[in-house]
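**Q** Each number in my numbering comes from the position in the sequence shown (counting from 1) with 26 added on.
Ideal Cβ placement from N, Cα and C applies to all residues, glycine included.
All values derive from a computational prediction rather than experimental measurement.
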Amino acid sequence: MYTARLSHARAGGCFVSLEHPDPNSKTSLPSLDEIVGTWHIIRTSVPFWKDKRNPTVTFQKHSDSTSTTSYLENSTNYQPSTSTKIKTVNGTDSPVTEQQGTYEWRGAGWLKVASSSWEILGYEKSGVNAWLFVYTPGSIFTTGGLILYSNSKEGLSEGALERLEAVFAGWKHPKLQELVVSMYDTRRD
Numbered sequence: 027m028y029t030a031r032l033s034h035a036r037a038g039g040c041f042v043s044l045e046h047p048d049p050n051s052k053t054s055l056p057s058l059d060e061i062v063g064t065w066h067i068i069r070t071s072v073p074f075w076k077d078k079r080n081p082t083v084t085f086q087k088h089s090d091s092t093s094t095t096s097y098l099e100n101s102t103n104y105q106p107s108t109s110t111k112i113k114t115v116n117g118t119d120s121p122v123t124e125q126q127g128t129y130e131w132r133g134a135g136w137l138k139v140a141s142s143s144w145e146i147l148g149y150e151k152s153g154v155n156a157w158l159f160v161y162t163p164g165s166i167f168t169t170g171g172l173i174l175y176s177n178s179k180e181g182l183s184e185g186a187l188e189r190l191e192a193v194f195a196g197w198k199h200p201k202l203q204e205l206v207v208s209m210y211d212t213r214r215d
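#1: List the whole-angstrom C-beta distance separating SER142 from TRP65, where the pair is believed to meet the contact cut-off of C-beta under 8 Å.
#2: Among residues of its own chain, excluding the 5 on either side of LEU174, which ones have a beta-carbon nearer than 6 Å to its beta-carbon?
#3: Excluding the 5 residues preceding and the 5 following SER107 in the sequence, name in chain order all residues of the same chain whose CB lies nearer than 6 Å to its CB.
#4: Could you check which residue in THR94, GLU60, PRO121 has the C-alpha nearest to that of THR84?
#5: Could you tell me which of ALA156, THR92, TRP75, THR102 sits nearest to PHE213, measuring between CA atoms?
#6: Once DSSP output is grouped into helix, strand and coil, what is the label at ASP48?
#7: Are the stretch 94 to 106 and the stretch 184 to 199 in contact at 8 Å, needing three or more beta carbon pairs?
#8: Can you tell which of VAL122, LYS111, VAL72 has the C-alpha that lies nearest to the C-alpha of ASP211?
#9: What residue range is occupied by the uninterrupted beta strand (DSSP E) comprising ALA134?
#10: Grab me the residues of THR128's own chain with a C-beta within less than 7 Å of its C-beta, minus the 5 sequence neighbours each way, in chain order.
#11: Could you spell out the range, first to last residue, of the beta strand (DSSP E) harbouring ALA156?
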């Protein structure tokens, strides 16, 4: 089971990471290659998703031809709750080299003016199933919060969800508790 560690304060917020209790564990943050693919947003505290359904983020890895730096292109897809139309938001995610597991997001097209950061707080892969737990402080268009992704539309196994909920219950930092309490399941059909 993972435990939460408050590692540093940020302006108006905090950063937390999930640590494996066994110091000999080989658990680490995922590489770009492990993030590639489609992830379903299954639980979040971000209000933006309340009136949306079937939210997913698909990451593709790319390399900059002028340097050795790799980055992710992402496509966020969702449906308004009362429509069958699929809406898409595209952007790029560049690793912040000083902070492993932290990415800088920049919108594409008319959203190029928008940027935000996001930090991987936890990751676990067991066989073909994986989850990714992220904190984002938000952007000029959305408030920040916690997001739990699964590579399966069905979400997490009961065991994985119970382990995460035990970690959440142990968080004593007021801001984190506020975000955890406000988390809700997204609508998936």
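**A** With the given structure in hand:
#1: The Cβ separation is near 17 Å, so there is no contact.
#2: ILE68, ARG69, PHE159
#3: ASP77, ARG79
#4: GLU60
#5: According to the sequence shown, residue 213 is Arg rather than Phe. Checked all of ALA156, THR92, TRP75, THR102; the closest Cα to ARG213 is TRP75.
#6: Confidence in ASP48 is poor, its pLDDT being 44 and thus under 50, which makes the residue's placement unreliable; the coordinate value appears in the next sentence. Here ASP48 sits in coil by DSSP.
#7: no
#8: VAL72
#9: Unbroken run through ALA134: none, as it is neither H nor E.
#10: VAL122, SER143, GLU145
#11: 155 to 164
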